[in-house]
Amino acid sequence: MPRTVITFGTFDVFHVGHLRVLERAAELGDRLVVGVSADALNERKKGRAPIFTQRERLAIVGALKVVDAVFVEESLEQKRDYIVEHEADVLVMGDDWAGKFDELADACEVVYLPRTPAISTTAIIEHIADL
Ligand code: CTP
1 MPRTVITFGT
11 FDVFHVGHLR
21 VLERAAELGD
31 RLVVGVSADA
41 LNERKKGRAP
51 IFTQRERLAI
61 VGALKVVDAV
71 FVEESLEQKR
81 DYIVEHEADV
91 LVMGDDWAGK
101 FDELADACEV
111 VYLPRTPAIS
121 TTAIIEHIAD
131 L
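As numbered in UniProt numbering, residues 1 to 131 make up the sequence shown, in order.
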């Protein structure tokens, strides 16, 4: 049976920290499925729309050679449903979420990967806004 890895994120203004986490997630299995958070979910969570629409963000993440499939993550509370639906064996999250998804360990293995230092979408947007 192929080992399926699932991960989630906004992946707005795609940067090398995003690429690295997806490359490392892909190495943990045979198949990588990525839930890209919906525009509406980001608006609820952060109070603003992403720079790139969910259609654009799905297209970018889905075009990467380490990514096998993408889908829209409509709600943060549905992680267990998405794990079951996509038959995931491993859930990968950035270590900014360390410990937060341990209750899903009965559904699949849960792995937290260290973030790439010194880069984030928020920092890029703030840097450009200050130019
Ligand atoms: N990520 C990472 N290293 C970074 C930035 C993000 O490993 N420097 C990972 C996150 O841990 C997550 C995925 O990339 O697993 C998607 O993160 P996302 O929140 O979309 O990106 P950020 O750059 O953190 O965005 P923001 O600044 O809006 O929080």
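Backbone N, C-alpha and C define an ideal beta-carbon position, used for all residues, glycine too.
Every value quoted in this text rests on a predicted model; they were computed, and no experiment measured them.
Note down the Cα distance separating G99 from V111, rounded to an integer number of angstroms. 10 Å
Identify every residue that forms a DSSP beta bridge with E109. V90
Under DSSP, the alpha helix (DSSP H) around E43 begins and ends at which residues? 39-46
Relative to the C-alpha of G9, which residue among V34, M1, E23, A25 is closest? V34
As a quick exercise: from T4, W97, Q54, pick the residue whose alpha carbon is nearest that of V13. Among T4, W97, Q54, the Cα nearest to that of V13 is on Q54.
Span of the beta strand (DSSP E) around residue 142: No information on residue 142 is available, as it lies outside the stretch 1 to 131 that the chain covers here.
Heavy atom of the ligand CTP within 7 Å of S75 beta-carbon: no
Do I60 and the ligand CTP come close, with the Cβ less than 7 Å from some heavy atom? I60 has its CB no nearer than 7 Å to any heavy atom of the ligand CTP.
DSSP state of R31, grouped into three classes? In the structure shown, the three-state DSSP call for R31 is strand.
To which residues of the same chain is A40 closer than 7 Å at the C-beta, ignoring the five residues directly before and after it? none
Taking all protein chains shown into account, decide if C122 is buried (16 or more other Cβ within 10 angstroms of its Cβ) or exposed. Residue 122 is actually Thr in this sequence, not Cys. So T122 ends up on the exposed side.
Touching or not, the segment 81-88 and the segment 52-68, by the rule of three or more beta carbon pairs under 8 Å? With a cut-off of 8 Å, the segment 52-68 and the segment 81-88 do not count as touching, because too few Cβ pairs lie within range.
Under the rule that 16 or more other beta-carbon atoms within 10 Å means buried, what is P114, buried or exposed? exposed
Spatially closest choice to T116 from Q78, D96, E109, by CA coordinates: The shortest Cα separation from T116 among Q78, D96, E109 belongs to D96.
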